[in-house]
Amino acid sequence: MWPSGGRHLWPSGGSSEMQSHARGHLVYAAGGVLSVHTEHGTWIVPANRVAWTPAGFTHRHRAHGDTDMRIVFLAPSLARLVPDRPAVFLASGLAREVLLTLTGPSGDDAAPGHSRAARTRLLRVLVDELREAHEQPLHLPEPRDDRLQAIARMLRETPADNSTLAELGRTVGAGTRTLSRLFRNELGMTFYEWRTQLRIHHALVLLADGHDTVRTAHACGWSNPSSFIAAFTAVIGTTPGRYRAGGRSGPR
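Just so you know, we're using UniProt numbering here: the sequence shown kicks off at 1 and counts up by one.
Shown next, in the form of structure tokens:
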């Protein structure tokens, strides 16, 4: 799909099939929220982030909210300058403008009005901007252990569930110590870090669908909006209200 990249307008809930490409590609949501799913986990891509998927990685995209998706493929000479694994980067103002210019309104990534040489220079500027950007903690790793998978299913279905790890452990037949070790060894984070990440993912989806901050906070398990705002801002770089209103630029 999308051999030339470009601009793709997706309705909320739109999803691609599992696929892989011979060239690595960058994905940017000029509007809405995208998620990138691989066997290693899920990356969430709000409108101030850029997702990178290297060549050969099987993945699929899903739109949350009506989404203006921009795709730019990189030649191997540029792809070698960015990570050899999926990653999400903070999009600087310059990176966003280059992405919009490269994809344009015409549905392809030929940078209308620009020569091939100019487009090559724009791609190099884009890669340089991403190399200067910090990777963002928007990866939700996928557990392999059956017990962790059962917990993940329960929390995805009900993100507001505030059960402790011990309570969830009784449901899946494992002790707290065992589950804590599995979270650290398999996912590289604590249970509470993983659940917070899951909730931030869910919050981005709800905000993209038009829900307000208070409703989103309660739906994602925060007992009061101020705690949700603090957690959201720490990860996304802007408040839920500003994000929902379109103030998504975040810090450089």
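For each residue, glycine too, the CB sits at the ideal point set by N, CA and C.
Answer with buried or exposed for G188, where buried requires no fewer than 16 other C-beta atoms within 10 angstroms of its C-beta.
To locate residue 188, count along the sequence shown from 1; it is residue 188. Exposed, because fewer than 16 other Cβ atoms sit within 10 Å of the Cβ of G188.
Taking a contact to mean a Cβ-Cβ separation below 8 Å, would you say S92 touches E129 in this structure?
As a working note, residue 92 is residue 92 in the sequence shown. As a working note, residue 129 is residue 129 in the sequence shown. Against a cut-off of 8 Å, the Cβ pair of E129 and S92 comes out as a contact.
Going by the beta-carbon positions, is the gap between S16 and H64 smaller than 8 Å?
Here the question's residue 16 lines up with position 16 in the sequence shown. Here the question's residue 64 lines up with position 64 in the sequence shown. Contact: no.
My guess is that I44 and L138 are in contact by the Cβ rule of under 8 Å, so how many angstroms apart are they, rounded?
For the purposes of this step, residue 44 is taken as the residue at position 44 of the sequence shown. For the purposes of this step, residue 138 is taken as the residue at position 138 of the sequence shown. Confirmed, about 5 Å.
Closest to H37 by C-alpha separation, out of F57, A29, V50, would be which residue?
Within the sequence shown, the letter at position 37 stands for residue 37. Out of F57, A29, V50, F57 has the C-alpha closest to the C-alpha of H37.
Span of the alpha helix (DSSP H) holding S226?
The residue labelled residue 226 in the question sits at position 226 within the sequence shown. First-last of the alpha helix (DSSP H) with S226: 225-236.
Rounded to the nearest angstrom, how far is the Cβ of V98 from that of L126, given a contact under 8 Å?
Here residue 98 is taken as the residue at index 98 of the sequence shown, counted from 1. Here residue 126 is taken as the residue at index 126 of the sequence shown, counted from 1. With a Cβ gap of about 5 Å, V98 and L126 count as contacting.
Express the C-alpha separation of S12 and V33 in angstroms, rounding to a whole number.
In the sequence shown, the residue the question calls residue 33 occupies position 33. In the sequence shown, the residue the question calls residue 12 occupies position 12. In a straight line, the C-alpha of V33 is about 9 Å away from that of S12.
Does the distance from the C-beta atom of G14 to that of T53 stay below 8 Å?
One-based indexing of the sequence shown puts residue 14 at position 14. One-based indexing of the sequence shown puts residue 53 at position 53. For G14 and T53, no; Cβs fall outside 8 Å.
If I measure Cβ to Cβ from residue 271 and keep anything under 8 Å in the same chain, skipping five residues before and after, which residues do I get?
No answer is possible for residue 271: the residues shown for the chain start at 1 and end at 252.
Need the endpoints of the beta strand (DSSP E) that D66 sits in, please.
Taking the first residue of the sequence shown as 1, we reach residue 66 at position 66. Its beta strand (DSSP E) spans residues 60-73.
For G182 versus D146, is the C-beta distance shorter than 8 Å?
Taking the sequence shown and counting its residues from 1, the one referred to as residue 182 is at position 182. Taking the sequence shown and counting its residues from 1, the one referred to as residue 146 is at position 146. According to the sequence provided, residue 182 is Leu. The question's Gly does not apply to it. The answer is no: Cβ separation not under 8 Å.
Mark P76 as exposed unless 16 or more other C-beta atoms lie within 10 angstroms of its C-beta, in which case mark it buried.
Position 76 of the sequence shown holds residue 76. That one is exposed.
From the DSSP output, in three-state form, read off T164 for me.
Along the sequence shown, one-based indexing puts residue 164 at 164. In this structure, T164 counts as coil in the three-state DSSP scheme.
For a test of the three-state rule: what should DSSP assign to Q136, helix, strand or coil?
Here residue 136 corresponds to residue number 136 of the sequence shown, with the count starting at 1. It is coil, neither helix nor strand.
Straight-line CA distance for A29 to H114?
Taking the sequence shown and counting its residues from 1, the one referred to as residue 29 is at position 29. Taking the sequence shown and counting its residues from 1, the one referred to as residue 114 is at position 114. Computed Cα separation, rounded: 22 Å.
State the DSSP-derived secondary structure class of W222, mapped to helix, strand or coil.
The residue you call residue 222 lines up with position 222 of the sequence shown. Three-state DSSP puts W222 in coil, outside helix and strand.
For F232, collect the residues of the same chain with a Cβ closer than 8 Å to its Cβ; drop the 5 residues on either side in sequence, then sort them by chain order.
Within the sequence shown, the letter at position 232 stands for residue 232. Excluding positions up to five away in sequence, the list reads I200, A203, T239, P240, Y243.
DSSP state of D108, grouped into three classes?
Taking the sequence shown and counting its residues from 1, one reaches residue 108 at position 108. Only weak support is given to the placement of D108: the predicted model assigns it a pLDDT of 49, under 50, and the value that follows is read from those uncertain coordinates. D108 falls in the coil class under three-state DSSP.
Report back the beta-carbon spacing between L168 and S180 to the nearest angstrom; my notes put them in contact at under 8 Å.
Here residue 168 is taken as the residue at index 168 of the sequence shown, counted from 1. Here residue 180 is taken as the residue at index 180 of the sequence shown, counted from 1. At roughly 11 Å, the Cβ-Cβ gap does not stay under 8 Å, so L168 and S180 are not in contact.
When the Cα atoms are used, what is the spatial distance from L198 to A150?
Along the sequence shown, one-based indexing puts residue 198 at 198. Along the sequence shown, one-based indexing puts residue 150 at 150. So the alpha carbons of these two residues sit roughly 14 Å apart.
Please return the same chain residues whose Cβ sits closer than 8 Å to the Cβ of P86, not counting the five positions on each side in sequence.
In the sequence shown, residue 86 corresponds to position 86, counting from 1. Hits under 8 Å: V36, T38, H40, W43, A51, W52, T53, P54, F57, H59, H139.
Assuming I229 and T216 make a contact with CB atoms under 8 Å, what is their CB distance in whole Å?
For the purposes of this step, residue 229 is taken as the residue at position 229 of the sequence shown. For the purposes of this step, residue 216 is taken as the residue at position 216 of the sequence shown. Contact doesn't hold; Cβ gap of about 10 Å is too wide.
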